[in-house]
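Each residue of the sequence shown is one higher than the last, beginning at 73 in this note's numbering.
We treat Cβ as the ideally placed atom computed from N, Cα and C, and that holds for glycine.
Reading through the structure tokens given below for one structure.
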Amino acid sequence: MSARWKLDQQYADIMQHHPFGIALYRPLPLSTFNIGSCGYFDEFGSWNPIAHLKNIDSLQEKGLAIPDDELERAPIEDGIEWGPKTSKRTKEMKVELSGGVDPATGIPLTVSSIYSYSTDTDVGAVLLASNPVTHERFYHKSPFKNWVKKNALTILQRWPEVKEHGVWIVASTFAAAQCEVNMWHEKGKSFQVGFSAEAMGFGKIGNDCKWHTSQRDEGWAKYSSKGDDKVVVFFGGLKFQYTWAFGKDLKTVSRPVLRGPHGEEKKNEAETITTIPDPEYDEGSYFVDCEEYLGDEDEPKTQDGGQW
């Protein structure tokens, strides 16, 4: 696992208490990472698309079967307003402006409020997303599992990288026109952010509200979209993992099984959905396990500490 990928994993871990799925330390364009997208994250944490389940022509060109089940899309929620999203142990404090704004911060003198963010732990994070935030999702999970059952062998043969990285199907996204992300690894460190409207705190940033980070604070990464595109800051989905086993004609089990620890504090519950033959070794097979990483409305099975 690369250093970049470790940061991605750590950010997702410390932001997992938000009920929106997995937080992306490096947000992705909605145009290439949207619901129905199928692909994998490589050893550098980069997204590698395989197919899109709503693009029938592309599926057929790649030798993949089209979904038998209807992919029922929920109405788009495009009026969501968020305030800053922080890691669980990050503290927010309003800064007194009676003495004015410190010019050294580079924060405009016209801001309505300034907030400080800090943590008493070794790591903290803040996400600032412009409003409105758009939420897109599918209603059901079973159509994706059924599609993978039909295509697991073809995917393994054509994209052998999935043996190491697994396969993802994106089932939900939260996206914004722009965002800024900061994650720090220093106990007691603090950051200041100025806002042009008073609708702040753990409440909401209005659609016309702008934020300004202090030029003295390092570590901010800014992501902006082009045109009507957006950047995905949280996503939910199903991860399908290939687990090799010796033997032919192995049978799946009808209940979830544990495949061992993914972290020191927990085990991911994985449902084995099918078994397929090893295309390179006659005496081998692969279990195809499904792990759910979804928002609260979809009753996620994962907890802290798992590698996704």
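Is K298 near the ligand NAP, with its Cβ less than 7 angstroms from a heavy atom?
-> Questions concerning the ligand NAP fall outside what the structure shown contains, since it holds no ligand whatsoever.
Starting from the C-beta of E51, find all residues in its chain whose C-beta is less than 8 angstroms away, skip the five residues before and the five after it, and write them out in chain order.
-> Lying outside 73 to 380, the shown extent of the chain, residue 51 is not represented and no answer is given.
Does the Cβ of V329 have 16 or more other Cβ atoms within 10 Å, making it buried, or fewer, making it exposed?
-> Residue placement at V329 is poorly supported in this model, since its pLDDT is 39, which falls under 50; the coordinates still yield a value, given next. So V329 ends up on the exposed side.
Helix, strand or coil: which one does DSSP assign to E364?
-> strand
Using the Cα positions of V220 and D150, report the straight-line distance between them to the nearest angstrom.
-> 30 angstroms
Please check the pair N254 and V303, which I expect to be a contact at CB under 8 angstroms, by giving their CB distance rounded to whole angstroms.
-> That belief does not hold up - the Cβ atoms of N254 and V303 are roughly 15 angstroms apart, past 8 angstroms.
Looking only at its own chain, which residues have a Cβ that is under 8 angstroms from the Cβ of L228, when we skip the five neighbours before and after it?
-> V234, K235, Y314, I348, P351, Y358
In the structure shown, what three-state DSSP assignment does W316 receive?
-> strand
Classification of A95 by the beta-carbon crowding that lies within 10 angstroms, buried from 16 upward | buried
Assign F318 to one of two classes, buried (16 or more other C-beta atoms within 10 Å of its C-beta) or exposed (fewer than that).
-> exposed
Going by the beta-carbon positions, is the gap between S130 and H124 smaller than 8 angstroms?
-> yes
Residues of its chain near L143, where Cβ-Cβ distance is below 7 angstroms and the 5 sequence neighbours each way are ignored = G108, L125, K126, F210, P215
Return the first residue and the last residue of the beta strand (DSSP E) that T245 is part of.
-> 239 to 248
Taking 8 angstroms as the cut-off, decide whether the C-beta atoms of L200 and P156 are in contact.
-> yes
What's the gap between the Cα of P101 and the Cα of S185?
-> 30 angstroms
Using a Cβ-Cβ cut-off of 7 angstroms (strictly less than) and excluding sequence neighbours within five positions of A75, which residues of its own chain qualify?
-> none
If you count every other CB in all the chains shown that lies within 10 Å of the CB of G367, and 16 or more means buried, which is it?
-> buried
What three-state label does DSSP hand S297 in the structure shown?
-> coil
Applying the criterion that 16 or more other CB atoms from any shown protein chain within 10 Å of the CB defines a buried residue, is L169 buried or exposed?
-> exposed
State the start and end residues of the unbroken alpha helix (DSSP H) segment that holds Q81.
-> 75 to 86
Are G299 and H284 touching if we call contact CB-CB under 8 angstroms?
-> no
Chain D contact for K217 (CB, 8 angstroms cutoff) = Judged by its chain identifiers, the structure shown contains no chain D, having just a single protein chain.
Sort S268, Q81, C251, E258 by Cα distance to W292 and report the nearest one.
-> C251
Extent of the continuous alpha helix (DSSP H) run through E164 | Here E164 belongs to no alpha helix (DSSP H); instead the beta strand (DSSP E) covers 162 to 166.
Would DSSP call K214 helix, strand or coil?
-> As written in the sequence, residue 214 is Ser, which differs from the Lys given in the question. Helix.
Would you grab the beta carbon distance between D137 and N223 for me? Rounded to a whole angstrom, and I think it's under 8 angstroms.
-> Note that residue 137 corresponds to Ala in the displayed sequence, not to Asp. Yes, A137 and N223 are in contact; Cβ-Cβ is about 6 angstroms, under 8 angstroms.
Check each candidate in C110, E164, F116, Q287 and name the one with the smallest Cα separation from P139.
-> C110
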